[in-house]
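In the numbering used here, the protein residues as written are 3 to 141. Ideal Cβ positions, reconstructed from N, Cα and C, are used throughout, including at glycine. Here the structure is a predicted model, which is why all the values come from computation and not from measurement.
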Amino acid sequence: MSHSFASCLLLLVGLTLPAVMADDAADLNALSKEDKDAGFVSMFNGKDFTGWRFEGKESPPKELPDNWSVADGLIKLSGGGKPNLGSAKAYGDFEMKFEWRAVKDKYNSGFFIRSGEKVGANQLNLAKGSEGAFINGKL
């Protein structure tokens, strides 16, 4: 059964995505042969926000919010999560793999799925102690 779903939104408060150590940005975001063979695609080029948007339609955004940056092949968020970062592309059924790291003890974050331009859809909670908890709706 195929469904048309809106863009995946990421709300990564106090997180670094992906939290993997490698020699350069290209290696951080390279897919393994197994992932490629399974049909996975990389959503992040390791250089900029191409393919992403901040609660709007413009991709890549002309102006970056002060709290979001790309450095060393990582998407970094410092201070509050607004505006939320979202994929510029809409996806149907999908499997998502990502790595993240909280840089503070107290954080509250989530990965929103099947959302539109405004956040408020289903959320996988990434708050400390509730990793993987599902909030709102059905999978």
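In the three-state DSSP reduction, leucine 33 falls in the coil class, being neither helix nor strand.
Taking the Cβ atoms as the reference, leucine 87 lies roughly 6 Å from tryptophan 70, within the contact range of under 8 Å. The DSSP-derived three-state label of lysine 38 is helix. Serine 89 and serine 44 have their alpha carbons spaced roughly 12 Å apart. The DSSP assignment places complete beta strand (DSSP E) segments of no fewer than 3 residues inside the segment 49 to 129 at 54 to 56, 70 to 73, 76 to 79, 87 to 92, 112 to 115 and 124 to 127, in order along the chain.
Looking at Glu36, Phe42 and Lys35, the one whose alpha-carbon comes closest to that of tyrosine 93 is Phe42. Of the candidates Pro85, Gly81 and Ala73, Pro85 places its Cα closest to the Cα of glutamate 65. Between phenylalanine 96 and isoleucine 77 a beta carbon distance of about 19 Å is seen, past the 8 Å cut, so the two are scored as non-contacting.
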